[in-house]
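First up is the structure itself, then whatever we jot down about it.
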Amino acid sequence: MSTLVYISSRNGIAKNAKEAVTYAKKIDSEVTVVTTGDADEATLNSLGEFGASKVLVDRSVSFDDSQQLTNVIAKAVEITAANTVVFSHDLAAKAVASRLSVKLKTGFISGAIDIPQGDTVKVNVFSGKAFGNVKINSERKIISLLPNSFQPESSQTNCTVEEFDGNSGEAQIKLIDTKKPEGEIPLPEAELVVSAGRGLKGPENWGMIEDLADSLGAATACSRPVADIGWRPHHEHVGQTGVAIRPNLYIAAGISGAIQHLAGVNGSKVIVVVNTDAEAPFFKAADYGVLGDAFEVIPQLTEAIKKFKASN
Amino acid sequence: MKILVCISKSPDTTSKIAFTEANTKFDENGVQYIVNPYDEWYALVRALELKEANGGSVSTITVGTASDDAVIRKALAIGADDAVRIDAEPKDAYFVAMQIAEYAKNENFDIVLTGKETINYNGSQIGGMISEALNLPFISLASKMDVTDSTLTLETEIVGGLQVVEVAIPAVVSCAKGMAEQRIPNMRGIMAARTKPLNVIPAADIDFLTSYDSYELPEAKSACKMIAPENMDELVRLLHEEAKVI
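Printed below as a string of structure tokens:
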């Protein structure tokens with residue numbers, strides 16, 4: 001019995017990768033990690049902190065092509081005879097895990113939020129409005145873990161790094177360009193998020209939202225109408241048809257909280273709503289509410305956060 | 313250019329989510345079904361735009377029962393040329409994807425498109441599974457797609473940004489926001505959809521690998537704690553001491 005975890009190590013070890021290794025360790029004491037690329041040995045070795053006893057790395061794959069990665073992971077499954085393959089349910093892994101499911105004819109449960117109970121795993125469904133208990137009918141399991149469902153836990157294990165040839169085959173997809181806005185915190189990974197909607201009246205008023213986000217070290221987000229009319233970029237749109245997020249803290253200013261918006265954020269641990277309308281449906285989903293004008297409340301909240309940070 | 317668009321139905325985004333039969337079945341009572349928004353707004357509309365620019369055809373495919381015909385007609389009204397329905401209750405993502413792959417493998421499609429996920433099961437599995445079954449490249453979460461000769465240029469979401477990639481057709485692509493703008497079918501489209509071909513074909517003999525045993529609804533939130541707008545220090549204190557998130 002052993003568990004295999006696929007992680008991307010291309011830009012260091014992200015928090016969701018540590019979560020996936022922690023999760024695998026809860027399923028099985030024997031955890032092997034498979035990855036590709038040129039991360040140095042010390043970086044890969046650090047996965048022992050979270051319970052990995054071996055890291056298999058295929059140095060020949062230089063780009064996250066789902067076809068190549070699927071071949072490499074299938075090879076690692078063969079080597080380790082793993083019963084369970086764990087992914088973090090992030091953008092890249094969704095594509096690879098579903099391919100692997102067909103290649104190995106193995107049931108794939110996506111978006112898990114709890115450890116398996118026998119053959120059954122709890123997942124988020126209906127865009128976070130409900131949970132489902134999904135049973136896998138195949139002997140082996142593929143599970144992708146929803147980010148921020150488990151926190152990384154220390155489980156010091158002696159870890160070795162082994163280079164291997166995963167028979168990846170030729171890359172079919174050619175990378176032309178990568179565009180990463182500098183200095184921004186990627187939304188799906190953010191633990192703190194500050195978001196605003198049409199209540200802000202115009203894109204020129206976003207400065208105070210950015211100031212609040214800066215004071216907290218938070219990412220910024222917005223509601224759908226705001227992205228649709230071009231006040232904010234599409235990648236900031238959270239909700240049913242945008243990004244679904246599960247931060248520890250979600251602060252929403254000037255967003256009424258339509259059911260489609262709630263679907264993208266109701267996995268947040270704590271929700272703070274600032275709105276001038278006492279009837280805004282968002283207050284029903286909130287933990288803390290401030291009935292007031294965002295133009296007055298948000299700058300004051302920023303000052304209060306700064307004061308708090310300075311004294312702690 | 314021959315394009316296949318995978319269409320699924322999903323409950324209207326405003327549907328109340330409830331379950332019946334001891335929480336083992338989704339309660340369809342009063343639920344309005346729509347074309348899954350990602351399949352319609354992005355995959356189908358972009359396919360139609362490519363056809364309008366380059367010629368070719370746009371077909372849709374759905375795994376479902378006769379109760380799905382209304383949403384399939386909607387896709388035809390928006391502009392698809394014809395539709396295929398594989399006549400089976402969709403059991404799981406593997407079952408659906410393998411049915412579609414079984415049909416597509418002999419049809420020589422240049423591009424197979426899916427939405428990035430359905431809004432009910434949110435699995436994001438179908439596109440990847442079809443591509444593996446057909447041994448084709450898969451480009452997921454594309455927010456832009458253009459075709460020159462036999463090369464697709466795509467912009468896709470990656471963690472914290474975007475990347476631009478090129479791939480030769482045939483390929484499978486899952487479509488996300490940004491790809492196209494929603495189209496409202498006009499009267500002519502709705503009339504034409506009535507007579508466009510909707511071919512119902514029998515399902516292939518395919519296993520399923522997962523099943524939903526039961527569902528749960530989240531616990532109701534306790535009442536929202538209201539804080540006076542002039543007392544933001546108190547909110548910060550609560551977030552630190554009570555909620556422990558800062």
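Chains as they are written, first to last, in this note's numbering: chain P, 1 to 312; chain Y, 313 to 558. C-beta: ideal position from N, C-alpha, C; glycine also. None of the values given here were measured: they were computed from a predicted structure.
Of the listed residues the options, nearest to residue i (C-alpha basis)
i: Pro-299(P); options: Trp-206(P), Asp-228(P), Thr-3(P); result: Trp-206(P)
i: Ile-229(P); options: Pro-116(P), Leu-175(P), Pro-203(P), Lys-284(P); result: Pro-203(P)
i: Val-86(P); options: Val-72(P), Glu-236(P), Ala-112(P), Gly-37(P); result: Ala-112(P)
i: Asp-58(P); options: Asn-71(P), Thr-35(P), Asp-65(P); result: Thr-35(P)
i: Thr-84(P); options: Ser-149(P), Val-273(P), Ile-136(P), Asp-287(P); result: Ile-136(P)
i: Ile-539(Y); options: Ala-278(P), Leu-4(P), Gly-12(P); result: Ala-278(P)
i: Val-273(P); options: Tyr-250(P), Gln-117(P), His-261(P); result: Tyr-250(P)
i: Lys-269(P); options: Asp-64(P), Gly-118(P), Gly-128(P), Asn-11(P); result: Gly-128(P)
i: Lys-54(P); options: Leu-69(P), Lys-25(P), Thr-70(P), Phe-63(P); result: Lys-25(P)
i: Asn-335(Y); options: Gln-411(Y), Asp-525(Y), Ile-438(Y), Glu-478(Y); result: Asp-525(Y)
i: Asn-348(Y); options: Glu-333(Y), Arg-506(Y), Thr-325(Y); result: Thr-325(Y)
i: Glu-139(P); options: Ile-209(P), Ser-101(P), Ala-95(P); result: Ser-101(P)
i: Thr-22(P); options: Arg-10(P), Gln-151(P), Val-290(P); result: Gln-151(P)
i: Val-161(P); options: Gln-260(P), Thr-43(P), Ala-196(P); result: Thr-43(P)
i: Gly-490(Y); options: Phe-331(Y), Asp-339(Y), Met-499(Y), Glu-467(Y); result: Glu-467(Y)
i: Glu-414(Y); options: Arg-397(Y), Thr-430(Y), Lys-428(Y), Glu-429(Y); result: Arg-397(Y)
i: Val-134(P); options: Thr-157(P), Phe-108(P), Cys-159(P); result: Phe-108(P)
i: Asp-351(Y); options: Thr-430(Y), Met-499(Y), Asp-458(Y); result: Thr-430(Y)
i: Val-315(P); options: Ala-253(P), Ala-81(P), Ala-213(P); result: Missing from the structure shown is residue 315(P); chain P here goes from 1 to 312 and no further.
Neighbouring residues, chain Y, relative to residue i (Cβ below 7 Å)
i: Asn-71(P); result: By Cβ distance, chain Y contributes nothing, its closest Cβ being about 10 Å from Asn-71(P), past 7 Å.
i: Ile-173(P); result: Pro-449, Ile-451, Val-477, Val-479
Residues that residue i bridges to, as DSSP identifies them
i: Arg-397(Y); result: Thr-374(Y), Val-512(Y)
i: Asn-124(P); result: Phe-131(P)
i: Cys-536(Y); result: Per DSSP, none; premise fails for Cys-536(Y).
i: Asn-275(P); result: Leu-291(P)
i: Ile-143(P); result: Val-86(P), Ile-109(P)
i: Met-1(P); result: DSSP output for Met-1(P) lists no bridge partner at all.
i: Val-194(P); result: Thr-220(P), Ile-251(P)
i: Gln-260(P); result: Note: Gln-260(P) sits in no beta bridge, so no partner.
i: Gly-19(P); result: According to the sequence shown, residue 19(P) is Glu rather than Gly. Paired residues: none, contrary to the question.
i: Thr-463(Y); result: Thr-460(Y), Ala-480(Y)
i: Tyr-6(P); result: Val-34(P)
i: Ser-322(Y); result: Ile-346(Y)
i: Val-270(P); result: Leu-249(P)
i: Ala-454(Y); result: Thr-468(Y), Cys-487(Y)
Chain-ordered neighbours of residue i on chain P, where CB pairs are closer than 9 Å
i: Asn-420(Y); result: Result: empty, since nearest Cβ-Cβ is about 18 Å, beyond 9 Å.
i: Met-441(Y); result: Ser-98, Arg-99, Ser-101, Val-102, Phe-108
i: Gln-437(Y); result: Lys-94, Ala-97, Ser-98, Ser-101, Phe-108, Ser-110
Cα-Cα separation, residue i to residue j
i: Gln-494(Y); j: Asp-461(Y); result: 26 Å
i: Lys-179(P); j: Lys-456(Y); result: 14 Å
i: Val-548(Y); j: Lys-556(Y); result: 10 Å
i: Leu-425(Y); j: Ile-558(Y); result: 42 Å
i: Val-33(P); j: Glu-153(P); result: 16 Å
i: Asn-418(Y); j: Pro-449(Y); result: 17 Å
i: Phe-520(Y); j: Lys-403(Y); result: 6 Å
i: Ala-504(Y); j: Thr-372(Y); result: 16 Å
i: Cys-487(Y); j: Leu-362(Y); result: 14 Å
i: Ala-515(Y); j: Asp-399(Y); result: 6 Å
i: Asn-167(P); j: Pro-147(P); result: 29 Å
i: Glu-444(Y); j: Val-193(P); result: 36 Å
i: Pro-482(Y); j: Glu-78(P); result: 29 Å
i: Gly-376(Y); j: Ala-405(Y); result: 12 Å
i: Thr-3(P); j: Leu-47(P); result: 14 Å
i: Asp-64(P); j: Ile-259(P); result: 35 Å
Buried/exposed call for residue i, threshold 16 Cβ in 10 Å
i: Asn-420(Y); result: exposed
i: Arg-358(Y); result: buried
i: Gly-118(P); result: exposed
i: Arg-246(P); result: buried
i: Asn-543(Y); result: exposed
i: Gly-169(P); result: exposed
i: Arg-506(Y); result: exposed
i: Gly-264(P); result: buried
i: Lys-141(P); result: buried
i: Asp-517(Y); result: exposed
Under 9 Å from the C-beta of residue i: neighbouring residues of chain Y
i: Phe-317(P); result: Residue 317(P) lies beyond the range of chain P shown here (1 to 312); nothing can be said about it.
i: Leu-145(P); result: Per Cβ cutoff of 9 Å: no residues; Leu-145(P) is ~14 Å from chain Y at best.
i: Leu-301(P); result: Met-544, Leu-547, Val-548
i: Gly-132(P); result: Tyr-433, Tyr-524, Asp-525, Ser-526, Tyr-527, Glu-528
i: Asp-114(P); result: By Cβ distance, chain Y contributes nothing, its closest Cβ being about 11 Å from Asp-114(P), past 9 Å.
Partner residues on chain Y for residue i, Cβ-Cβ distance less than 8 Å
i: Lys-179(P); result: Gly-473, Leu-474, Gln-475, Val-476
i: Glu-279(P); result: Here the premise fails: no neighbours, minimum Cβ distance about 13 Å.
i: Asn-83(P); result: By Cβ distance, chain Y contributes nothing, its closest Cβ being about 15 Å from Asn-83(P), past 8 Å.
Residues that residue i contacts on chain P, provided the C-beta gap is smaller than 7 Å
i: Gly-490(Y); result: His-234
i: Val-557(Y); result: Asn-248, Leu-249, Lys-269, Val-270
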